[in-house]
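Peer 1: Those sequence lines, one after another, are chains D and F. My numbering puts the first residue of the first sequence at 1, with every later residue one more than the last. My numbering puts the first residue of the second sequence at 1001, with every later residue one more than the last. Every residue gets a Cβ at the ideal spot worked out from N, C-alpha and C, and that includes glycine. In this text the structure is predicted, and so the values were computed from the model without any measurement. Below are the structure tokens for one structure; questions will follow.
Protein chains: 2
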Amino acid sequence: MDRDLFQRLQHGFGFGGWIPRGVDTAAEIVPGLSGLEGDRFWMAQALLAAMEGIGRSNPNPTVGAVFVRDGRMIARGATLRYGDLHAERVALRDADPELIRGSTLYVTLEPCARPGKQPPCTEALLTAQPLRCVVGATDPHPKVAGDGIRQLRAAGVEVTVGVLGAECTMWHFPFLASLTLKRPVLIGKWAQTLDGHLADDTGRSQWISGPKSRAYTHWLRQKYDMLLVGMGTVLADAPSLTVRDAAQPHHRHPHKCVFDPFGRFAQLSDPHLEALKRGLEPQGAQLFLMVQQGFWQEPSWWSSWRSLAVVVMIEAQETWSEHVARLSEVYARTCGVPLQSIMVEGGPQLLTQLLREQLLDALHVFVRAGILGGTRNRIGRLDVRPGEDPLAVNPSRSLMDRDDYQLLATYQIEDDVVLECLHRRHAIGFVS
Amino acid sequence: MDRDLFQRLQHGFGFGGWIPRGVDTAAEIVPGLSGLEGDRFWMAQALLAAMEGIGRSNPNPTVGAVFVRDGRMIARGATLRYGDLHAERVALRDADPELIRGSTLYVTLEPCARPGKQPPCTEALLTAQPLRCVVGATDPHPKVAGDGIRQLRAAGVEVTVGVLGAECTMWHFPFLASLTLKRPVLIGKWAQTLDGHLADDTGRSQWISGPKSRAYTHWLRQKYDMLLVGMGTVLADAPSLTVRDAAQPHHRHPHKCVFDPFGRFAQLSDPHLEALKRGLEPQGAQLFLMVQQGFWQEPSWWSSWRSLAVVVMIEAQETWSEHVARLSEVYARTCGVPLQSIMVEGGPQLLTQLLREQLLDALHVFVRAGILGGTRNRIGRLDVRPGEDPLAVNPSRSLMDRDDYQLLATYQIEDDVVLECLHRRHAIGFVS
């Protein structure tokens, strides 16, 4: 992927779509839209349609599609649940075939070209006969990989590719990048003050960021398959890790994973467990517990959790890449679909470990313009155990590493600034 | 000042005006302008005119004025050097009086109403007879304070106040706020990684931010009367602290002040002195050296610096408020005009001391999405001397303090995000 392409993101567009819409669906004004005209305006409408299906179709990409004729939108749709209709067929379902013939289709991702759980979209399109098809991002999936575009062109449909390409690629990032990496993408999310603190030392501070930033976080939780937190965060905050405060619609709660190498699950009390239980089956999510070999022992509360929770055994000497591989394997076996994305919501120790191992593919960082001070809960710094050399644990890295992440988008949400960043390994090559 | 007003800043507008123009005057597209219409569009033109005079007129405010008739700009101007014409007269100077009669004047600050070094602007306006006058911010100066508006209204000119009021107030912030505070405003400027580091531990890192962020910093240097750095920064970086890389035009180099309580000036070598000398008289700037009583002793290089540099004696037990009062007094005596603003460019120790004493009125913070690590050069943390308790020197503050600063504007400059923040003491009351 052309690096420059990513730098021309429309203002206000993040990994979760148009950020103002992720905070409040009723938001009439989406700032980045005001300057868009022609193909770009209509592709933005396809992205807005996709946003309405956020997370719903995983592991299928949540595609958005609109048909336009004579400057009017005549049909729109987003991909339904996994196994059900794709965006193009959703849009076509209720549309007047006479109008569709001769229209232009705007679709965020290349239409699929070979049968999966559904017949190929190209088949439906060749029947419907739009004059023109405008594609946001191409689909590197082995079942597509340019065939969608070739089939349409062969049938005489004019095809344009790459309109709002960066936005469409960002929207489909977990799907696209996990295909290429052959592992789930890991996305770091945290809120910090300018001095890098995620909380104060007293443990009384629960939220650094404001209510609208939290709404955007909840919006994002639907997009990613799983949330990962450390057991320290669970013990400190008793988080429920569900989707509550986001803009409508809500399609799913994320699966949850707690990193608990030394088996501190035994310390969980009823309020912790009650909070953790929210959003689990029958509401769709499961709990994964990552525990080191030798530290697993069924806790007293386990009997009622057998259908809700799964233990993932990890080894002390493994890297995080290996932990993630184990987790993906257990997830695929448990849920029957591949794990494409994990949003890591903290705490600072866990996030810092993953940053140090260069494993976070993308970041949502909320920065509050304040100085909190303190000694713990700071990003970029690992706790030093007695006897360890602080400088060896926390070396100063060479300045080149400041360039690990590319800034794709930034947006002011009340008194917070969200920075949306992509690891530079993705700047080239993950999609055409 | 209404707090909400400050939250409706046009995208891309910072303390230095439209940030893209501060980086590159040739920038055709100023994003925030695209959505402006009517009075707001023309006031933006007045602000762009003001930007062309950045820093030139201090201690007079650098006002911008445009006259508009039948949807066309027929005259424009910005205040000239101190003692010379104000913006309104600059615009009128070359304009056709016939066209001006019946036009609308857009002016970023209320026209002055009583004679100073120039006759009052209202006099010129009442002769020129525009139909209407649109004012950005009102002027609390005792010689104006609403009289400008009253005189115009009394003469039958229709007056509208507060169009792009937040932007105009931000543009004139040093002038307006120093009037109210009766001291210079202090503005912190630094560039940091996400973990709050301004440099790495090796001292090899000179710049965290990219070239365009540095161009914006140089642009801002013209706006503020003085730059303040610690002697540690001078010894480490040998900075010249001049305006070099900013967008044109360049009107002045800032005065420089080095905080050197323990008299480390004796360690300065020729390269340090050469760099420091740039921009000093005859180019207009002077050097101020803040030294504690008992640590001042004429260094070997002093003989050739007598006309360029002034020593400001400070006391060991003073607060920074008292230091600033002493500095202002010496500045006024030396330069013959009041000191309205000081931009503090580091290092982290000096900035942190000022933050702790709640003395920074505004901030320009450039954030780079990287993690640098290390133990020194971090914002929000003071060095601990042998025998001191680290927790006593660097306590964890309560979370409420995260709200010390209000975020007024944020803007992406290449891979950096600039956060422009105002201390909450200014959120109410510093101007109508």
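So, do the segment 1143–1150 of chain F and the segment 1094–1101 of chain F have three or more beta carbon pairs nearer to each other than 8 Å?
Peer 2: no
Peer 1: Helix, strand or coil: how does DSSP classify Q1292 (chain F) here?
Peer 2: In the second sequence, counting from the first residue as 1, residue 1292 (chain F) sits at position 292. Residue state, collapsed to three classes: strand.
Peer 1: Under 9 Å between beta-carbons, which chain D residues line up against Y1405 (chain F)? List them in chain order, please.
Peer 2: As a working mapping, residue 1405 (chain F) is identified with position 405 in the second sequence. By Cβ distance, chain D contributes L194, R368, A369, G370, I371 and D415.
Peer 1: Is it buried or exposed, Q1283 (chain F), if we count other Cβ atoms within 10 angstroms and call 16 or more buried?
Peer 2: On the second sequence, position 283 is the one that residue 1283 (chain F) refers to. Exposed: under 16 other Cβ atoms inside 10 Å.
Peer 1: Taking C-beta to C-beta, are W296 (chain D) and M313 (chain D) nearer than 8 Å?
Peer 2: Your numbering for residue 296 (chain D) matches position 296 in the first sequence. Your numbering for residue 313 (chain D) matches position 313 in the first sequence. In this structure, M313 (chain D) lies closer than 8 Å to W296 (chain D) by Cβ.
Peer 1: Residues of chain F with CB under 8 Å from H364 (chain D), in chain order?
Peer 2: Here the question's residue 364 (chain D) lines up with position 364 in the first sequence. Under the 8 Å cutoff, chain F gives no residues; its nearest Cβ is about 11 Å from H364 (chain D).
Peer 1: For Y1405 (chain F), which of helix, strand or coil comes out of DSSP?
Peer 2: On the second sequence, position 405 is the one that residue 1405 (chain F) refers to. Strand at Y1405 (chain F).
Peer 1: Taking 8 Å as the threshold (C-beta atoms), are V1066 (chain F) and L1045 (chain F) in contact?
Peer 2: Translated into positions along the second sequence, residue 1045 (chain F) becomes position 45. Translated into positions along the second sequence, residue 1066 (chain F) becomes position 66. Reading the sequence as shown, one finds Gln at residue 1045 (chain F) and not Leu. Cβ distance < 8 Å, so Q1045 (chain F) and V1066 (chain F) count as in contact.
Peer 1: Provide the residue span of the beta strand (DSSP E) that contains A95 (chain D), from first to last.
Peer 2: Within the first sequence, numbered from 1, the residue matching residue 95 (chain D) stands at position 95. From DSSP, A95 (chain D) is part of no beta strand (DSSP E); its letter is neither H nor E.
Peer 1: I need the straight-line Cα distance from R252 (chain D) to Q222 (chain D), nearest angstrom please.
Peer 2: Stepping through the first sequence from its first residue, residue 252 (chain D) is reached at position 252. Stepping through the first sequence from its first residue, residue 222 (chain D) is reached at position 222. Their backbone Cα atoms lie some 6 Å apart in a straight line.
Peer 1: Given that I74 (chain D) touches chain F, what residues does it touch there, using C-beta distances under 8 Å?
Peer 2: Here residue 74 (chain D) is taken as the residue at index 74 of the first sequence, counted from 1. Chain F residues near I74 (chain D): none, gap ~29 Å exceeds 8 Å.
Peer 1: Can you say whether D260 (chain D) is buried or exposed, counting buried as having 16 or more other CB atoms within 10 angstroms of its CB?
Peer 2: Locating residue 260 (chain D) in the first sequence gives position 260, counting from the first residue. That one is buried.
Peer 1: Pull out every residue of the segment 1330–1361 of chain F whose Cβ sits closer than 7 Å to any Cβ of chain D, in chain order.
Peer 2: L1355
Peer 1: By DSSP, does V1344 (chain F) sit in helix, in strand, or in coil?
Peer 2: Position 344 of the second sequence, counted from the start, is the residue given in the question as residue 1344 (chain F). V1344 (chain F): strand per DSSP, three-state reduction.
Peer 1: Quick check on this structure: which residue in D:P140, D:C121, D:D139 and D:R153 has the alpha carbon closest to the alpha carbon of R132 (chain D)?
Peer 2: One-based indexing of the first sequence puts residue 132 (chain D) at position 132. Here the closest residue by C-alpha is D:R153.
Peer 1: Is the segment 1166–1177 of chain F touching the segment 1346–1356 of chain F in the sense that three or more CB pairs, one from each, lie closer than 8 Å?
Peer 2: no
Peer 1: When DSSP builds the beta bridges, which residues end up paired with Y411 (chain D)?
Peer 2: As a first step, residue 411 (chain D) is located in the first sequence; it is residue number 411 there, counting from the start. Looking at the DSSP assignment, Y411 (chain D) forms a beta bridge with D:V418.
Peer 1: Does Q1412 (chain F) have its Cβ less than 8 Å from a Cβ in chain D?
Peer 2: The residue labelled residue 1412 (chain F) in the question sits at position 412 within the second sequence. So yes, Q1412 (chain F) belongs to the interface.
Peer 1: Span of the beta strand (DSSP E) holding I1314 (chain F)?
Peer 2: Position 314 of the second sequence, counting from 1, holds the residue named residue 1314 (chain F). A1309 to I1314 is the extent of the beta strand (DSSP E) around I1314 (chain F).
Peer 1: Determine, for S57 (chain D), whether the minimum Cβ-Cβ distance to residues of chain F falls below 8 Å.
Peer 2: Along the first sequence, one-based indexing puts residue 57 (chain D) at 57. Chain F, which has no Cβ nearer than 8 Å to the Cβ of S57 (chain D), makes this no.
Peer 1: Assuming C1421 (chain F) contacts L1363 (chain F) under a Cβ cut-off of 8 Å, what Cβ separation, rounded to an integer in Å, is found between them?
Peer 2: For the purposes of this step, residue 1421 (chain F) is taken as residue 421 along the second sequence, with counting starting at 1. For the purposes of this step, residue 1363 (chain F) is taken as residue 363 along the second sequence, with counting starting at 1. About 4 Å separates the two Cβ atoms, so the contact holds.
Peer 1: How close, in whole Å, do the beta carbons of R1214 (chain F) and S1240 (chain F) come, if the pair is a contact with beta carbons under 8 Å?
Peer 2: Position 214 of the second sequence, counted from the start, is the residue given in the question as residue 1214 (chain F). Position 240 of the second sequence, counted from the start, is the residue given in the question as residue 1240 (chain F). Going by Cβ atoms, the distance from R1214 (chain F) to S1240 (chain F) rounds to 13 Å, so no, they are not a contact pair.
Peer 1: In chain F, which residues lie less than 7 Å from C421 (chain D) when you measure between Cβ atoms?
Peer 2: As a working note, residue 421 (chain D) is residue 421 in the first sequence. Listed along chain F are A1369, each with a C-beta nearer than 7 Å to that of C421 (chain D).
Peer 1: Would the segment 1155–1162 of chain F count as touching the segment 1124–1143 of chain F if we require 3 or more Cβ pairs under 8 Å?
Peer 2: yes
Peer 1: Report yes or no: do the segment 1106–1121 of chain F and the segment 1058–1074 of chain F share at least 3 C-beta pairs separated by less than 8 Å?
Peer 2: yes
Peer 1: Between which residues of its own chain and A95 (chain D) is the CB-CB distance below 7 Å, once the five residues before and five after are set aside?
Peer 2: Along the first sequence, read from residue 1 onward, the residue named residue 95 (chain D) stands at position 95. Hits under 7 Å: F67, I74 and A75.
Peer 1: Is the segment 322–330 of chain D close to the segment 390–397 of chain D, with three or more CB pairs under 8 Å?
Peer 2: no
Peer 1: Return the CA-CA distance between D415 (chain D) and P1299 (chain F), expressed in angstroms with no decimal places.
Peer 2: Residue 415 (chain D) sits at position 415 when you count from the first residue of the first sequence. Residue 1299 (chain F) sits at position 299 when you count from the first residue of the second sequence. Taking the straight line joining both Cα atoms gives about 48 Å.
Peer 1: Is the beta carbon of T1169 (chain F) closer than 8 Å to that of L1137 (chain F)?
Peer 2: Mapped onto the second sequence, residue 1137 (chain F) falls at position 137. Mapped onto the second sequence, residue 1169 (chain F) falls at position 169. Note that residue 1137 (chain F) is Ala in the sequence shown, not Leu. Their beta carbons are under 8 Å apart, which means A1137 (chain F) touches T1169 (chain F) by this criterion.
Peer 1: Looking at chain F, is there any beta carbon in it that lies within less than 8 Å of the beta carbon of D2 (chain D)?
Peer 2: Position 2 of the first sequence, counting from 1, holds the residue named residue 2 (chain D). A caution first: D2 (chain D) carries a pLDDT of 40, below 50, which makes its placement in the model unreliable, though a value can still be read off. Cβ-Cβ to chain F under 8 Å: no for D2 (chain D).
Peer 1: According to DSSP, is Y106 (chain D) helix, strand or coil?
Peer 2: Here residue 106 (chain D) corresponds to residue number 106 of the first sequence, with the count starting at 1. Strand, per DSSP.
Peer 1: Hey, would you say V291 (chain D) sits closer than 8 Å to I19 (chain D), going by beta carbons?
Peer 2: In the first sequence, counting from the first residue as 1, residue 291 (chain D) sits at position 291. In the first sequence, counting from the first residue as 1, residue 19 (chain D) sits at position 19. Contact: no.
Peer 1: Can you have a look at D1270 (chain F) and say buried or exposed, based on whether 16 or more other CB atoms are within 10 angstroms of its CB?
Peer 2: Here residue 1270 (chain F) corresponds to residue number 270 of the second sequence, with the count starting at 1. By the 10 Å Cβ count, D1270 (chain F) comes out exposed.
Peer 1: Kindly identify the DSSP beta-bridge partner or partners of G1012 (chain F).
Peer 2: Residue numbering aside, residue 1012 (chain F) sits at position 12 when the second sequence is read from its first letter. Under DSSP, G1012 (chain F) forms no beta bridge with any residue.
Peer 1: Please return the same chain residues whose Cβ sits closer than 7 Å to the Cβ of P1338 (chain F), not counting the five positions on each side in sequence.
Peer 2: Within the second sequence, the letter at position 338 stands for residue 1338 (chain F). P1059 and A1332.
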